[in-house]
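In the working numbering, the protein residues as written are 1 to 234.
Idealized CB from N, CA, C, for every residue including glycine.
All values reported here derive from a predicted model rather than from experimental measurement.
The structure under discussion appears below in the form of structure tokens.
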């Protein structure tokens with residue numbers, strides 16, 4: 001009986017690993033969803049997400065039909081939530097197009113979601129939170145106050161202009177922001193994470209736990225290095 005318990009546990013783990021849903025048939029299906037206006041978006045899918053500025057809010061999914069049926073899209077108050085009913089494995093196409101209005105001021109990415117922005121994201125205040133190996137690239141922004149948080153091996157590559165940038169990186173995440181011009185930058189890096197930034201006027205923050213910070217520009221500095229971390233000017 002004692003030997004049976006580890007065998008059952010191992011079998012359960014193997015079944016869990018093989019339970020991902022793969023795309024079936026050709027990936028030519030398209031489904032459009034009308035959604036209420038939203039201020040924030042939470043993305044929980046192993047998909048390619050494109051945010052598109054628009055006068056009206058809607059979501060369009062392009063993929064295999066069974067993967068479209070597997071995606072739960074809901075509006076909770078002013079929060080848009082996308083979540084997979086079953087984790088997704090292999091597929092040929094899995095695109096999610098999110099049309100948003102200027103009220104959007106917060107995005108959270110999870111479950112290896114890959115995000116880009118079509119055109120320019122403009123806002124006075126904006127927050128972007130990346131987790132679970134999610135990523136953002138091909139994204140041009142024009143934001144006054146921008147909060148960016150990366151953890152769990154997530155990554156970001158962004159360009160544009162920011163007045164005040166507050167960025168935090170941890171858990172081996174990587175933020176490539178040398179093409180994002182920021183007047184003021186405040187940062188916190190730790191846990192083997194990497195950050196590259198362009199600080200035009202002021203640069204402040206702490207790098208710790210083997211993290212690395214590189215910066216462009218000649219800003220006023222108020223920075224601290226500890227626990228084998230380093231900060232260098234490019």
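(message) Within the continuous beta strand (DSSP E) that includes residue 233, where are the two ends?
(response) Looking up residue 233 in the chain shown gives position 233. Its beta strand (DSSP E) spans residues 230-233.
(request) Please classify residue 232: is it buried, with 16 or more other beta-carbons within 10 angstroms of its beta-carbon, or exposed? (result) Within the chain shown, the letter at position 232 stands for residue 232. Label assigned to residue 232: exposed.
(message) According to DSSP, is residue 65 part of a helix, a strand, or is it coil?
(response) Residue mapping note: residue 65 aligns to position 65 of the chain shown, counting from 1. Correct three-state label for residue 65: helix.
(message) In whole angstroms, give me the CA-to-CA distance for residue 197 and residue 25.
(response) Translated into positions along the chain shown, residue 197 becomes position 197. Translated into positions along the chain shown, residue 25 becomes position 25. Straight-line Cα distance between these residues: approximately 44 Å.
(request) Would you decide whether residue 114 is buried or exposed? Buried here means 16 or more other CB atoms lie within 10 Å of its CB. (result) As a working mapping, residue 114 is identified with position 114 in the chain shown. Under this definition residue 114 is a buried residue.
(request) Please state whether DSSP places residue 171 in a helix, a strand or coil. (result) Here residue 171 refers to the residue found at position 171 of the chain shown. Coil.
(request) Indicate whether the contact test is met: 3 or more Cβ pairs, each with one atom in the stretch 156-176 and one in the stretch 185-197, closer than 8 Å. (result) The answer is yes - the stretch 185-197 touches the stretch 156-176, with three or more Cβ pairs under 8 Å.
(message) Taking contact to mean 3 or more Cβ pairs, one atom from each stretch, closer than 8 Å, check whether the stretch 58-67 and the stretch 90-97 are in contact.
(response) Enough Cβ pairs lie closer than 8 Å, so yes.
(request) Use the C-beta contact count for residue 15: other C-beta atoms within 10 angstroms, 16 or more gives buried, fewer gives exposed. (result) In the chain shown, the residue the question calls residue 15 occupies position 15. In this predicted model, residue 15 has a pLDDT of only 46, less than 50, meaning its place in the structure is not dependable; the value taken from the coordinates is given anyway. Exposed: under 16 other Cβ atoms inside 10 Å.
(request) Between the Cα of residue 190 and those of 181, 151 and 180, spot the shortest distance and give me the residue it belongs to. (result) Within the chain shown, numbered from 1, the residue matching residue 190 stands at position 190. Comparing C-alpha distances from residue 190 to each of 181, 151 and 180 shows the shortest one belongs to 151.
(message) Here's the rule: buried if 16 or more other CB atoms are within 10 angstroms of the residue's CB, otherwise exposed. What is residue 169?
(response) Within the chain shown, numbered from 1, the residue matching residue 169 stands at position 169. Looking at its Cβ environment, which holds 16 or more other Cβ atoms inside 10 Å, residue 169 is buried.
(request) Evaluate contact between the stretch 97-113 and the stretch 130-142, counting only Cβ atoms and requiring at least three cross-stretch pairs below 8 Å. (result) With three or more CB-CB distances shorter than 8 Å, the stretch 97-113 counts as touching the stretch 130-142.
(request) Over the uninterrupted beta strand (DSSP E) stretch that includes residue 38, give me the two end residues. (result) Position 38 of the chain shown, counting from 1, holds the residue named residue 38. It is not in any beta strand (DSSP E) - residue 38 carries neither H nor E in the DSSP assignment.
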